[in-house]
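Colleague:
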Amino acid sequence: MTSVSVRDLSLNFGAVTVLDKLNLDIDHGEFLVLLGSSGCGKSTLLNCIAGLLDVSDGQIFIKDRNVTWEEPKDRGIGMVFQSYALYPQMTVERNLSFGLQVAKIPQPEIDKRVKRAAAILQIEALLKRKPSELSGGQRQRVAIGRALVRDVDVFLFDEPLSNLDAKLRSELRVEIKRLHQSLKNTMIYVTHDQIEALTLADRIAVMKSGVIQQLADPMTIYNAPENLFVAGFIGSPSMNFFRGDVEAKDGRSFVRVDGVAFDVTAYPARTKLQPGQKVVLGLRPEHVRVDEASEGHEMHQAVVDIEEPMGADNLLWLRLAGQSMSVRIAGQRRYPPGSTVRLSFDMAVASIFDAVSENRL
Amino acid sequence: MDNMFASNNTLTAYEKETRRIEAGPSGRKPRRRLSRRNIIVYGTLIVVALYYLLPLYVMIVTSLKGMPEIRVGNIFAPPLEITFEPWVKAWAEACTGLNCDGLSRGFWNSVRITVPSVIISIAVASVNGYALANWRFKGAELFFTILVVGAFIPYQVMIYPIVIVLREMGVYGTLTGLVIVHTIFGMPILTLLFRNYFAGLPEELFKAARVDGAGFWTIYFKIMLPMSLPIFVVAMILQVTGIWNDFLFGVVFTRPEYYPMTVQLNNIVNSVQGVKEYNVNMAATILTGAVPLVVYFVSGRLFVRGIAAGAVKG
Chain A
1 MTSVSVRDLS
11 LNFGAVTVLD
21 KLNLDIDHGE
31 FLVLLGSSGC
41 GKSTLLNCIA
51 GLLDVSDGQI
61 FIKDRNVTWE
71 EPKDRGIGMV
81 FQSYALYPQM
91 TVERNLSFGL
101 QVAKIPQPEI
111 DKRVKRAAAI
121 LQIEALLKRK
131 PSELSGGQRQ
141 RVAIGRALVR
151 DVDVFLFDEP
161 LSNLDAKLRS
171 ELRVEIKRLH
181 QSLKNTMIYV
191 THDQIEALTL
201 ADRIAVMKSG
211 VIQQLADPMT
221 IYNAPENLFV
231 AGFIGSPSMN
241 FFRGDVEAKD
251 GRSFVRVDGV
261 AFDVTAYPAR
271 TKLQPGQKVV
281 LGLRPEHVRV
291 DEASEGHEMH
301 QAVVDIEEPM
311 GADNLLWLRL
321 AGQSMSVRIA
331 GQRRYPPGST
341 VRLSFDMAVA
351 SIFDAVSENR
361 L
Chain B
1001 MDNMFASNNT
1011 LTAYEKETRR
1021 IEAGPSGRKP
1031 RRRLSRRNII
1041 VYGTLIVVAL
1051 YYLLPLYVMI
1061 VTSLKGMPEI
1071 RVGNIFAPPL
1081 EITFEPWVKA
1091 WAEACTGLNC
1101 DGLSRGFWNS
1111 VRITVPSVII
1121 SIAVASVNGY
1131 ALANWRFKGA
1141 ELFFTILVVG
1151 AFIPYQVMIY
1161 PIVIVLREMG
1171 VYGTLTGLVI
1181 VHTIFGMPIL
1191 TLLFRNYFAG
1201 LPEELFKAAR
1211 VDGAGFWTIY
1221 FKIMLPMSLP
1231 IFVVAMILQV
1241 TGIWNDFLFG
1251 VVFTRPEYYP
1261 MTVQLNNIVN
1271 SVQGVKEYNV
1281 NMAATILTGA
1291 VPLVVYFVSG
1301 RLFVRGIAAG
1311 AVKG
């Protein structure tokens, strides 16, 4: 059963098209993350689903009800904003109950719901305070609580953690995940932070200029990006790209880049790689083996340029085939700059894209 | 903390280091009161302040003198014999035309003009500004442009058409008519003021309220109003001083019995019959100017407090 369904949604601001015939189906209880850099239309899409922006064309269904022209309050949604958007002159309790009072829900029911939300989010002690007396993390909790008391099926999050510092962000990330596991609501979550996307999502929709580039579960997005944009956007440090030509020799296929030939016979290509085809070979930093003897894999020599120890792991910047590439190895393995390493590649988890269409091959 | 377990040798080194730090400057940074910079800054400020206060001083001093003393001619000299006679006369006895009940009638007229004008114009303009900033209805931009252009048209151009409009409405020469005129002429600048203020409030607050199900008026009264005390105080200062000090509309759109205080002051001061009573004129002028002055002093403080109370980050 689909919880939220977007059909051929278009949105124009004057002559500018922000969303163009966008389709999206979200299952009941699913955690969907809209991921993209700023200006890609992810927040716009969320605002359309919330009913805060009037769509130019297309339809929106929530729980199989056409809500395209419904008011936000009638859509069965709760929304959490980046800037918390708490009403500054009201106490936390009033902030939570405001929507319910507007809806003229009887007071005992309001009290019950506020109590329940406060208990879930552990903000009971803060109920009498004003938002200005709360810390950033507490404010965002209250903002989530405001969506919680509405007793809705769909939660919309608009970059809820972007205003918090790194430590709080990771704490609240876990709490949101826990909340989703216990409530089992549908959640749509907008972010530009790939870590949030990968850790929280059941499925991620990677967006670029109003178009969904790939819609898949986090592991698929990470391991088998559909095109060059998704491959470059996900992962930090980003995937290493090598532009070259396909060559065939003795029944094996190679990608030749500036004199270096990568053996890509093991790559599970969807369509057979044609000799002479211009391609982009993508290798994640952690999919490169350093100084490990392995059968059947050819070894390449490279020189360490810069070493970045990060504690748990160690990031090496190397020069290979005339360009810079990054390699992630275990933290205790150290290579001072200038040392020579021998690399081998696991082509089964590599990505190869057509250089022209930029789609996965 | 390592020092706690270190040998005697390192402990002394640690102590030495601590002493060296303690020997340096500590406490409040010394400051010279009579530096050249302070003398220039304060000197200039004092001279300028005196220059601006001098006329007020002359007015107050003169208003407390009797006529014989004024005729001596030392306008800067303090009064030898303080008398409140001129003040009483200005308030209750000075003659304009046939009426000899002083400025008091003009004062109450001004109050009856100013209070409703201020309330109505601010109420309407704040709703205008809120609608323009938050509910971007069709034609909002055009409407706003027209209003802003309205702020730049000189009043004199519109006087005659408005006289006709008021006459047709049957309110020409009444206080109601004047209140309508003040409300209309306050609209462009006040709407601009409120629109910009509301546009400056976080947009997500408005969105959150809409998701919560609040409508146009609920958002206005429950969310926007409580956050806008400072701008309401600013608007009030603008309108009270503007309307109280108005002369042109008062003289054009009302009959003599409804003349506001400013018009009546002019009639008292400019009357050509009899002796020029400078002390009465000064007292009358101060009385007329007192209201905007009080508004500045009282609401100025409220204004600062309003800003501080409304300052909620995030």
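From first to last, the protein sequence lines are chains A and B.
Going by our numbering, the first residue of the first sequence is number 1, and it counts up by one from there.
Going by our numbering, the first residue of the second sequence is number 1001, and it counts up by one from there.
All residues carry an ideal CB built from backbone N, CA and C; glycine is no exception.
(1) Among the candidates A:G210, A:N359, A:P218 and A:G282, whose CA atom is the shortest distance from the CA of A:Q194?
(2) In whole angstroms, what separates the C-alpha of B:A1208 from that of B:P1188?
(3) Mind listing the chain A neighbours of B:M1227? Cutoff is C-beta to C-beta under 7 Å, in chain order.
(4) Nearest to B:Q1273 by alpha carbon, out of B:R1037, B:R1033 and B:A1094?
(5) Under 8 Å: do the stretch 197-213 of chain A and the stretch 32-42 of chain A share three or more Cβ pairs, one atom per stretch?
(6) To which residues of the same chain is A:G58 closer than 6 Å at the C-beta, ignoring the five residues directly before and after it?
(7) Could you have a look at A:Q323 and say whether DSSP puts it in helix, strand or coil?
(8) If you drop the 5 nearest sequence neighbours on each side, which residues of the same chain put their C-beta closer than 8 Å to that of A:E307?
(9) Is the beta carbon of B:R1195 closer than 8 Å to that of B:G1242?
(10) Flag B:S1271 as yes when its Cβ comes closer than 7 Å to any non-hydrogen atom of the ligand NAD, and as no otherwise.
(11) Is the shortest distance between the beta-carbon of B:R1136 and the beta-carbons of chain A less than 8 Å?
(12) On a CA-only basis, which of B:S1117, B:L1293, B:M1158 and B:Q1264 is nearest B:N1281? Give me that one, please.
(13) Taking Cβ-Cβ distances shorter than 7 Å, what residues in chain B pair up with A:L52?
(14) Counting pairs of beta carbons, one from the stretch 61-73 of chain A and one from the stretch 1205-1224 of chain B, are three or more of them closer than 8 Å?
(15) Helix, strand or coil for B:T1174? Go by DSSP, reduced to three states.
(16) Anything in chain A within Cβ reach of B:A1214, meaning under 9 Å, just list it in chain order.
(17) Find the nearest neighbour of A:G232 within the set A:F353, A:S97, A:E93 and A:L53, judged by alpha-carbon distance.
(18) What number of angstroms, rounded off, separates the C-alpha of B:V1118 from the C-alpha of B:Q1239?
(19) Report the residue ranges of all alpha helix (DSSP H) runs contained in full by the stretch 61-110 of chain A; include only those spanning at least 4 residues, in chain order.
(20) Can you pull the chain B neighbours of A:M79, defined as C-beta to C-beta under 8 Å?
(21) Can a CB atom of chain B be found closer than 8 Å to the CB of A:S83?
(22) Is it the case that the Cβ atoms of A:V288 and A:G244 are separated by a distance below 8 Å?
(23) Which same chain residues, not among the five before or five after A:V67, have their C-beta less than 6 Å away from its C-beta?
(24) Let me know if B:V1080 comes out buried or exposed under the rule of 16 or more other beta-carbons within 10 Å of its beta-carbon.
(25) What is the DSSP secondary structure of A:V18, counted as helix, strand or coil?
(26) Can you give me the Cβ contacts of B:V1148 inside the same chain, cut-off strictly under 7 Å, excluding the 5 residues immediately before and after it?
(27) Kindly indicate if chain E contains any beta-carbon less than 8 Å away from that of B:T1145.
(28) Tell me the DSSP secondary structure of B:Y1052 in three-state form.
(29) Please work out which residues of its chain come closer than 6 Å, Cβ to Cβ, to A:I329, disregarding the five sequence neighbours upstream and downstream, and give them in chain order.
(30) What are the partner residues of A:G244, as DSSP defines its beta bridges?
(31) Could you pull out every residue in the same chain whose Cβ sits closer than 7 Å to the Cβ of B:S1110, ignoring the five residues on either side in sequence?
(32) Chain A partners of B:T1218, CB-CB under 8 Å?
(33) Less than 8 Å between the C-beta atoms of A:M347 and A:D263, yes or no?
(34) Does any residue of chain A bring its CB to less than 8 Å from the CB of B:P1202?
(35) On a CA-only basis, which of A:T91, A:E159, A:V152 and A:Q101 is nearest A:E133? Give me that one, please.
Modeller: In terms of the structure at hand:
(1) A:P218
(2) 29 Å
(3) P88 and Q89
(4) B:A1094
(5) yes
(6) R7, D8, L9 and S10
(7) strand
(8) N314, L315, L316, W317, R334, Y335, P336 and P337
(9) no
(10) Of the ligands one can find in the structure shown there are none, so the ligand NAD has no counterpart to examine.
(11) no
(12) B:Q1264
(13) K1207 and R1210
(14) yes
(15) coil
(16) K73, F98, G99 and V102
(17) A:F353
(18) 6 Å
(19) 92-102
(20) K1207, A1208 and V1211
(21) yes
(22) no
(23) I60 and R75
(24) Residue 1080 of chain B is actually Leu in this sequence, not Val. Counting Cβ neighbours within 10 Å, B:L1080 comes out exposed, since fewer than 16 surround it.
(25) strand
(26) P1188 and L1192
(27) Protein chains A and B are contained in the structure displayed, whereas chain E is not.
(28) helix
(29) V290 and N314
(30) A:V279
(31) W1244, P1260 and M1261
(32) V102
(33) yes
(34) yes
(35) A:T91
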